[in-house]
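The structure appears right after this line, and notes come after that.
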Amino acid sequence: MTKIISDTYQRIYEIVRMIPEGRVSTYGLIAKSIGEKFSARVVGYALNNAFLEEDIPAHRVVNRNGLLTGKHHFNPSSLMQQLLENEGVEIKDDKVINFKKIVWDPNESH
DNA sequence: GGGATGACCGGCT
DNA sequence: GAGCCGGCCATCC
45 MTKIISDTYQ RIYEIVRMIP EGRVSTYGLI AKSIGEKFSA RVVGYALNNA
95 FLEEDIPAHR VVNRNGLLTG KHHFNPSSLM QQLLENEGVE IKDDKVINFK
145 KIVWDPNESH
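What the first sequence shows, in this note's numbering, is residues 45 to 154, in sequence order.
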């Protein structure tokens, strides 16, 4: 069955796909990139459906604290950390060590 | 249509 | 520096 995705989700998916390898981004940054009218909550909600899509690196998206808040939604939950470490991102206690160094801002990258 | 939920953020104490 | 509270928008029941 083809599931129709809201246009808002499409916007979010577009940004997440632009995240380069070995980098991470935050929900707020993505929300701002789409439009300041959007809230980070919507991004998280969209990521929940995005994680169903294989083309969307949802594991590169973390919260502003650099904490892997969405890892519980992965299967297994440690998969998120595994993928990030596989790309060269160091994780400790479910949080990115050099998060501030590898954080990717879609607005600045523009 | 109303109330509640959610992978959140920013500001204040 | 860490913890608490309110606000934000879209989706679900």
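Ideal Cβ positions, reconstructed from N, Cα and C, are used throughout, including at glycine.
Residues near residue i by beta carbon distance below 6 Å, same chain, minus five either side
i, result
"residue 143", "110"
"residue 90", "53 and 56"
"residue 102", "91, 94 and 95"
"residue 77", "59, 150 and 151"
"residue 98", "none"
Which of helix, strand or coil DSSP assigns to residue i
i, result
"residue 111", "strand"
"residue 69", "strand"
"residue 20", "Limits of the chain in this structure are 45 at one end and 154 at the other, which puts residue 20 out of reach."
"residue 76", "helix"
"residue 127", "helix"
Residues near residue i by beta carbon distance below 7 Å, same chain, minus five either side
i, result
"residue 132", "66"
"residue 117", "92 and 95"
"residue 72", "84 and 108"
"residue 64", "148"
"residue 82", "75"
"residue 119", "none"
Beta-bridge partners of residue i, as assigned by DSSP
i, result
"residue 140", "135"
"residue 105", "69"
"residue 60", "DSSP output for residue 60 lists no bridge partner at all."
"residue 147", "68"
Cβ shell of residue i (< 8 Å), same chain only, five flanking positions each side left out
i, result
"residue 138", "111, 112, 115 and 125"
"residue 60", "69, 74, 91, 94, 100, 101, 102, 104 and 105"
"residue 135", "112, 125, 128, 129 and 141"
Burial state of residue i, where buried means 16 or more other Cβ atoms lie within 10 Å
i, result
"residue 128", "buried"
"residue 145", "exposed"
"residue 141", "exposed"
"residue 88", "buried"
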